[in-house]
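>
There are 2 protein chains.
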Amino acid sequence: MKLSTRTRYGVRAALELAESAGRRPLQLKTIAQHQEISLKYLEQLMAMLRSAGFVRSVRGSKGGYVLAKLPSQIKLSDVFNCLEGPVITAECVQNDNYCARSADCVVKQVWAQVQQAVTNVLESITLQDLVDKAKDKKTSNYQI
Amino acid sequence: MKLSTRTRYGVRAALELAESAGRRPLQLKTIAQHQEISLKYLEQLMAMLRSAGFVRSVRGSKGGYVLAKLPSQIKLSDVFNCLEGPVITAECVQNDNYCARSADCVVKQVWAQVQQAVTNVLESITLQDLVDKAKDKKTSNYQI
DNA sequence: TAATACTCTACTTGTACGGTAGGAATAGTA
DNA sequence: TACTATTCCTACCGTACAAGTAGAGTATTA
Ligand code: FES
Ligand code: FES
Chain F
0 MKLSTRTRYG VRAALELAES AGRRPLQLKT IAQHQEISLK YLEQLMAMLR SAGFVRSVRG
60 SKGGYVLAKL PSQIKLSDVF NCLEGPVITA ECVQNDNYCA RSADCVVKQV WAQVQQAVTN
120 VLESITLQDL VDKAKDKKTS NYQI
Chain H
0 MKLSTRTRYG VRAALELAES AGRRPLQLKT IAQHQEISLK YLEQLMAMLR SAGFVRSVRG
60 SKGGYVLAKL PSQIKLSDVF NCLEGPVITA ECVQNDNYCA RSADCVVKQV WAQVQQAVTN
120 VLESITLQDL VDKAKDKKTS NYQI
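Protein sequences, first through last, are from chains F and H. Using numbering that gives the first Met the number 0, the letters of the first sequence map in sequence onto residues 0 to 143. Using numbering that gives the first Met the number 0, the letters of the second sequence map in sequence onto residues 0 to 143.
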């Protein structure tokens, strides 16, 4: 039950883009340095997010990446789904024909419950939420 | 975010043991047939559950496995923890020193939330709960 | 003693993760 | 135009783990 680094890196990168939303494109080199992620690896993750339509890229010199939507319009479940794949704890939860006695299986219901719990959390949080929360933290730190 | 078959098999096997709690030991051969699991593989899973103290084995002819505790005393989180390992979505959730700015990281808090959501579900369900639920299902089916 | 069922260890096979590497395409800049 | 910066694309690689197979060994009962 560990998340792939893909997803963890991706969310952090997406958050950084969200924090600089409205400004000039952010370069992967910058993000990679901030987040201590391999640039080449990050390129691949961003390609996935780009294909899914969450970020836009600007090629060439002074290029970079920007969010393709408002931070408030991107849920963590979106990013998660794009990089980690759909939240599926067990095959039979999705595919009723996977197990023989699927209809009556109480174990299946447990995995469905787990799956739903995860989905609920991820769907309830947008990038904007994270930006706000991070801003709050910094402010309260300055006040100490 | 898929569960290993280890865990899924293990829970199903544990449930079957719970359903025959109080009776004579149940043989792996039987469980393997019912659940359509490789016997040899199941042996290894049960060894893990035995080491963890959830089941007891009876060797020799007419031997088999029995639950070492009451079904109501075994939570799904126990079995899960034994077979899948602890519910950890990301290293930094457990180990505060893993990431540099761990204290302020809002992403970390998300993974902690996810982790907690999963844990809550699994800790709230015991094998006895599943046995009861399964019994209810069968009864209601007969009534149709 | 023979049959049964768990025990232990080793091996195999496939797949996905987490990268690395190199170059092509594109766009700004001098 | 030449140069540089940056994304884009594809291929490759090593490791770890899951999932399962295999076989010999040990305990218990009939
Ligand atoms: S339906 Fe798949 S394990 Fe029960
Ligand atoms: S603390 Fe580990 S990703 Fe933020």
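All C-beta atoms, glycine included, are put in the ideal place defined by N, C-alpha and C.
(1) Say whether chain H places a C-beta atom closer than 8 Å to the C-beta of V54(F).
(2) Determine the burial state of G62(F): buried for a count of at least 16 other Cβ atoms within 10 Å of its Cβ, exposed for fewer.
(3) Going by beta carbon distance, what residues of the same chain come within less than 6 Å of A12(F), once the five residues before and after it are set aside?
(4) Can you pull the DSSP bridge partners for T125(H)?
(5) Within a Cβ cutoff of 8 Å, which residues of the same chain sit near L121(H), ignoring the five residues on either side of it in sequence?
(6) Mind checking which residues open and close the alpha helix (DSSP H) that includes L14(H)?
(7) Taking the alpha-carbon of L66(F) as reference, which of S60(F), G59(F), Q72(F), R55(F) has the nearest alpha-carbon?
(8) So is T88(F) buried or exposed if we call it buried at 16+ other beta carbons inside 10 Å?
(9) If the criterion is Cβ atoms closer than 8 Å, does the pair L126(H) and V106(F) meet it?
(10) Would you check if the distance between the CB atom of C81(H) and the CB atom of C91(H) is smaller than 8 Å?
(11) Considering S50(H), what are the terminal residues of the alpha helix (DSSP H) in which it resides?
(12) Ignore the nearest five residues each way along the sequence and tell me which others in S71(H)'s own chain have a CB closer than 7 Å to its CB.
(13) Check the Cβ-Cβ distances between D103(F) and every residue of chain H, and say whether any is below 8 Å.
(14) Is any non-hydrogen atom of ligand 1 found closer than 7 Å to the C-beta of C81(H), if you look at the structure I gave you?
(15) Residues around ligand 2, please: the ones whose beta-carbon is closer than 5 Å to some heavy atom of it, in chain order.
(16) So which residues of chain H does I87(F) contact, with C-beta pairs closer than 8 Å?
(17) Taking 7 Å as the cut-off, is the C-beta of A89(F) nearer than that to any heavy atom in ligand 1?
(18) Going along chain F, which residues have a C-beta under 9 Å from R11(H)?
(19) Hey, out of A46(F), A20(F), M0(F), R23(F), whose CA is closest to G9(F)'s CA?
(20) Rounding to the nearest angstrom, what Cα-Cα distance links A133(H) and S60(H) in this structure?
Reading it off the structure:
(1) To locate residue 54(F), count along the first sequence from 1; it is residue 55. Cβ-Cβ to chain H under 8 Å: no for V54(F).
(2) Locating residue 62(F) in the first sequence gives position 63, where the first residue counts as 1. Under this definition G62(F) is an exposed residue.
(3) Along the first sequence, read from residue 1 onward, the residue named residue 12(F) stands at position 13. I30.
(4) Position 126 of the second sequence, counting from 1, holds the residue named residue 125(H). Looking at the DSSP assignment, T125(H) forms a beta bridge with K74(H).
(5) Residue 121(H) sits at position 122 when you count from the first residue of the second sequence. Closer than 8 Å at the Cβ level, and outside the excluded window around L121(H), lie K74, L75, S76, F79, V86.
(6) Start at 1 with the first residue of the second sequence, and residue 14(H) comes out as number 15. Run containing L14(H): 4 to 18, per the alpha helix (DSSP H) assignment.
(7) Position 67 of the first sequence holds residue 66(F). Residue R55(F) is the option with its Cα nearest to L66(F).
(8) Position 89 of the first sequence, counted from the first residue, corresponds to residue 88(F). So T88(F) counts as buried.
(9) Within the second sequence, numbered from 1, the residue matching residue 126(H) stands at position 127. Within the first sequence, numbered from 1, the residue matching residue 106(F) stands at position 107. The answer is no: Cβ separation not under 8 Å.
(10) Taking the first residue of the second sequence as 1, we reach residue 81(H) at position 82. Taking the first residue of the second sequence as 1, we reach residue 91(H) at position 92. Contact: no.
(11) On the second sequence, position 51 is the one that residue 50(H) refers to. S50(H) -> alpha helix (DSSP H) spans 38 to 50.
(12) Counting from 1 along the second sequence, the entry for residue 71(H) is found at position 72. Within the same chain, S71(H) has close Cβ partners T125, Q127.
(13) Within the first sequence, the letter at position 104 stands for residue 103(F). True, the Cβ-Cβ gap to chain H drops below 8 Å.
(14) Numbered from its first residue, the second sequence carries residue 81(H) at position 82. No, since every heavy atom of ligand 1 falls outside the 7 Å radius drawn around the Cβ of C81(H).
(15) C91(H), C98(H), S101(H), C104(H), V106(H), K107(H)
(16) If you number the first sequence from 1, residue 87(F) lands on position 88. In chain order: M0, K1.
(17) Here the question's residue 89(F) lines up with position 90 in the first sequence. Checking every heavy atom of ligand 1 against the Cβ of A89(F), one is found closer than 7 Å.
(18) Stepping through the second sequence from its first residue, residue 11(H) is reached at position 12. Result: C104, V106.
(19) Within the first sequence, residue 9(F) is the residue found at index 10, counting from 1. Closest option to G9(F), Cα to Cα, is A46(F).
(20) Working through the second sequence from its first residue, we reach residue 133(H) at position 134. Working through the second sequence from its first residue, we reach residue 60(H) at position 61. Straight-line Cα distance between these residues: approximately 30 Å.
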